[in-house]
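Accompanying notes for the structure given below.
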Amino acid sequence: MTLPGSPHLNRRGPSLHLEDCSLRELARRHGTPLYVYSRRAMHEALTAYQQALAGRDHLVCYAMKANPSLAVLQTLAAAGCGFDIVSGGELERVLAAGGDPGKVVFSGVGKTAAEMRQALRADVMCFNVESEAELQRLSEVAVSLGRRARVSLRVNPDVDAGTHPYISTGLKGNKFGIAHDRAVAVYAQAAALPGLEVVGIDCHIGSQITQAGPYLDALDRVLDLVEAVEAQGIALHHLDLGGGLGITYDGERPPAIGELVTRLVERIDARGHGHRRILFEPGRSLVGNAGVLVSEVLYLKPGSGPGAKSFCIVDAAMNDLMRPAMYEAWMAIVACEQRDEPAARWEVVGPVCESGDWLGRDRTLAVQAGDHLAVLSAGAYGMSMASNYNSRGRAAEVMVDGDQSWLIRRREQPSELHAHDLLLPPSVVAAG
Ligand SMILES: *Cc1c(COP(=O)(O)O)cnc(C)c1O
482 MTLPGSPHLN
492 RRGPSLHLED
502 CSLRELARRH
512 GTPLYVYSRR
522 AMHEALTAYQ
532 QALAGRDHLV
542 CYAMKANPSL
552 AVLQTLAAAG
562 CGFDIVSGGE
572 LERVLAAGGD
582 PGKVVFSGVG
592 KTAAEMRQAL
602 RADVMCFNVE
612 SEAELQRLSE
622 VAVSLGRRAR
632 VSLRVNPDVD
642 AGTHPYISTG
652 LKGNKFGIAH
662 DRAVAVYAQA
672 AALPGLEVVG
682 IDCHIGSQIT
692 QAGPYLDALD
702 RVLDLVEAVE
712 AQGIALHHLD
722 LGGGLGITYD
732 GERPPAIGEL
742 VTRLVERIDA
752 RGHGHRRILF
762 EPGRSLVGNA
772 GVLVSEVLYL
782 KPGSGPGAKS
792 FCIVDAAMND
802 LMRPAMYEAW
812 MAIVACEQRD
822 EPAARWEVVG
832 PVCESGDWLG
842 RDRTLAVQAG
852 DHLAVLSAGA
862 YGMSMASNYN
872 SRGRAAEVMV
882 DGDQSWLIRR
892 REQPSELHAH
902 DLLLPPSVVA
912 AG
């Protein structure tokens, strides 16, 4: 069978490998559930962006909410990558991984004053501001610190990215960005505020976008605004085109990274904006296809009677990988060890006490208890959305490069899960 996703997934005999590492061996060594990431796949995706932008002033800012593992950040930072952050916690991670705050853009609709202070002190490259109220607040905070905040406005181009409603962000009816028809006026406000320095413009229209069309439409809308804003005497040095490029989970055929970027850059040049610095904020397309989630089959529960479903119960659950339960996302599931026996159809589910706890429906697999299954394309929005629901410790994570592998996050232990809880005073409990 062909494997969707990472070019670094391959079968050697019956056993599935990521790069040159056997997933079964890694599962035996580190236990399951286990996230495994290919360092090469991440490098290659980043290089595809960088090469398509070579020869012009550019910066790729990894949207780290896709996968904030320090080793992932470290890998990308060492290759020249910047970061798109959405919280103070993410800024801490960038610094802990050795990333350069001068290559950080700070996005998000709800930055607190404390997060603004933290980011100003770290001297991040730019704040992507999403509302007029946020502009005022940021200016006040910057003035109170005796600094000026570099800002870009996130504009909402009102284009339909053609994705799931939960991951579409560029339409009028959602909470993100400044409405297209307000943008020129808001730029004028920003330019007049004492704590701000206007440096750019930004848009991000959604996630898992599989066509170039919405990007080109959004770009045209953004360039129209650039021209209108500059006509007011406000200079915009950079164009930040956001992230959102989709990956292959199943049959999707998104444009290749280099192809999409080349088309956008050609349009930018054609409209006479080629001198501007260009930023991208990719998340999923840098790391999604680089990762898999490996789990062990705990029990098989064949259906009894016609039409009854058969369940394959694995030790990974919705708390480890939310995408199927949250977005009804389809993710490929394959056996780490191929068996010769005939395959059957299974609902692949986890141990969590929710009917919504499923990883895959109606999957054809030849499996037995004790086998390992890999959910593919799990490098983005997998571990980063994991929770401790059902008091389950989050999975361990491993990075592979060739035949080498490193544990990059220890499995959470049960005692760590209630470490922040506080008991009531005994006198209160005794009083009934
Ligand atoms: C989530 C996000 C991204 C990355 O989106 P992907 O679909 O993972 O590429 C980029 N920019 C902003 C502002 C985001 O919120």
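Yeah, the sequence shown ends on 913 if you go by the numbering used here, and it's all consecutive. All C-beta atoms in this analysis are idealised placements derived from N, C-alpha and C, irrespective of residue type, glycine included.
In terms of alpha-carbon separation, which member of A825, N770, L576 lies closest to G863? N770
Would you kindly work out how many angstroms separate the C-alpha atoms of K584 and T556, rounded to a whole number? 15 Å
Please tell me whether, using a cut-off of 7 Å, the distance from the CB of P763 to the nearest non-hydrogen atom of ligand 1 is below it. yes
Cutoff 7 Å; reference A699; Cβ partners in own chain excluding five residues on either side: The answer, listed in chain order, is P638, V640, G651, C684, I686.
Close beta carbons around A529, own chain, < 6 Å, minus the five adjacent residues each side: Within the same chain, and ignoring the five residues on either side of A529 in sequence, the residues whose Cβ sits closer than 6 Å to its Cβ are I738, G739.
Could you round the C-beta distance between L914 and A671 to whole angstroms and report it? I think they count as a contact, below 8 Å. Because the chain here runs from 482 to 913, residue 914 falls outside it and cannot be looked at.
Are the Cβ atoms of R734 and G676 separated by less than 8 Å? no
Any idea what DSSP makes of A623, helix, strand or coil? In this structure, A623 counts as helix in the three-state DSSP scheme.
Taking the C-alpha atoms as reference points, what is the distance between A578 and S550? 9 Å
Tell me which residues share the same chain as A813 and place their Cβ nearer than 6 Å to its Cβ, disregarding the 5 neighbours each side in the sequence. Only P485, L857 meet the Cβ criterion.
Can you find the residues in the same chain that come closer than 8 Å, C-beta to C-beta, to R892, ignoring five residues on each side of it along the sequence? H511, G512, G874, R875, A876, A877
Report yes if the C-beta of L726 is less than 7 Å from at least one heavy atom of ligand 1; otherwise report no. Yes; taking the cut-off as 7 Å, the Cβ of L726 has a heavy atom of ligand 1 nearer than that.
Check whether L534 and M545 have beta carbons under 8 Å apart: no
Among residues of its own chain, excluding the 5 on either side of V605, which ones have a beta-carbon nearer than 6 Å to its beta-carbon? P582, V585, F587
Rounded to the nearest angstrom, how far is the Cβ of V632 from that of V610, given a contact under 8 Å? Contact flag correct, Cβ pair sits at about 5 Å.
Alpha-carbon to alpha-carbon, E596 and D902: If you take the alpha carbons of D902 and E596, they lie about 25 Å apart.
Would you report the Cα separation of L704 and E678, rounded to the nearest angstrom? 20 Å
Buried or exposed, going by whether 16 or more other CB atoms sit within 10 Å of the CB of R820? exposed
Is the beta carbon of D565 within less than 7 Å of some heavy atom of ligand 1? yes
Would you check whether ligand 1 has a heavy atom nearer than 7 Å to the C-beta of G723? yes
Pop quiz: V848 and L840 are said to be a contact at Cβ under 8 Å. What is the actual Cβ separation, rounded to whole angstroms? Their Cβ separation, rounded to whole angstroms, is 13 Å, which puts V848 and L840 out of contact at 8 Å.
Within 10 Å of its beta-carbon, does G561 have 16 or more other beta-carbons around it, so buried, or fewer, so exposed? exposed
Which residues in the same chain as L504 place their Cβ atom closer than 8 Å to its Cβ, once the five residues preceding and following it in sequence are excluded? S496, L497, H498, V517, V773, V775, C817, H853, A855
Residues of its chain near E711, where Cβ-Cβ distance is below 7 Å and the 5 sequence neighbours each way are ignored: L717, listed in sequence order.
Give the C-beta separation of G727 and A547 to the nearest angstrom, bearing in mind that I take them to be a contact with Cβ-Cβ under 8 Å. So it is not a contact: roughly 12 Å between Cβ atoms.
Taking 7 Å as the cut-off, does the CB of H719 come closer than this to any heavy atom belonging to ligand 1? no
So which of E747, Y730, W827 has the shortest CA-CA distance to S785? W827
How should V592 be labelled, buried or exposed, when 16 other C-beta atoms within 10 angstroms of its C-beta is the threshold for buried? The sequence given here places Lys at residue 592; Val does not occur at that position. K592 is buried by the Cβ-count criterion.
Determine the contact status of L720 and I759, defining contact as a CB-CB distance below 8 Å. yes
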